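So the structure is just underneath, and the comments pick up after that.
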Amino acid sequence: MDINNEKDIIRLIELDPWMIEILKAAKTLQLPDWWICAGFVRSKIWDTLHDFTERTPLPDIDVVYFDQTNICESVEKQLEKKLRDILPDIPWSVKNEARMHVLSGLPPYSSTVDAIAKFTETVTALGVKLNNREEIILTAPHGIDDVIHMQVNPTPFYQENTPLFHVYQERLRKKNWKDIWYKLTINGI
């Protein structure tokens, strides 16, 4: 399947019953400003562009949301348990982006999409969710060109000549994405 635009990405996910089941499970939590992000979207795109017949296993499924009224980590763990009760074989990870700036050292985020925009790589700064009509919504704060052209680049917060560039470089060294997706071009390391 060719992937040329956001509609193609949405269609790719619509045709994947496993991804739809995960999106529906996350939607049941009715979290404010929720998205499933990062590898959930990126890996599907890259697996397709590499003509893989089997899904690359994901270390976790990242469900993110934004709730400034309750930033207790224990709430996130309770939400993970609820999701495990629905789909026990999924490696759920739930994070409230209203508290994540404390861990990242960046200024507080204004929304979940603001947090996604400040992920390390542009190809990871992607999220999907279901709207009230069960339609897939995609957010890509830095666009989709890098992910569909398999060009790994840092987001503006992690660019070369910034204090966080070394974080980008170290993360990519550990990920070894080229060992999985050989067509990738990794920039900046």
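Be aware that the sequence shown starts at 1, since it is given in this note's numbering, and climbs by one per residue.
Cβ coordinates follow ideal geometry from the N, Cα and C atoms, glycine included.
These numbers come from a predicted model, not from an experiment.
According to the DSSP assignment, residue 167 belongs to no beta strand (DSSP E) but to the alpha helix (DSSP H) extending over 165-175.
The Cβ atoms of residue 25 and residue 79 lie no closer than 8 Å to each other. For residue 185 and residue 57, the gap between their C-alpha atoms comes out near 21 Å. Here the C-alpha atom of residue 147 lies approximately 14 Å from the C-alpha atom of residue 119.
The alpha-carbon of residue 181 is positioned some 7 Å away from that of residue 50. Between the stretch 64-72 and the stretch 155-172 there are fewer than three inter-stretch CB-CB distances shorter than 8 Å, so the stretches are not counted as touching. Cβ-Cβ separation between residue 65 and residue 34: approximately 4 Å, consistent with a contact (criterion under 8 Å).
Taken atom to atom, the span from the alpha-carbon of residue 166 to that of residue 88 is near 36 Å. The beta carbons of residue 126 and residue 42 sit closer together than 8 Å.
For residue 61, the secondary structure class from DSSP, reduced to helix, strand or coil, is strand.
For residue 48, the enclosing alpha helix (DSSP H) has its first and last residue at 39-49.
With a cutoff of 8 Å on beta-carbon distance, residue 157 and residue 106 are scored as near each other. Sorting 110, 149, 94 and 16 by C-alpha distance to the C-alpha of residue 74 places 94 at the top.
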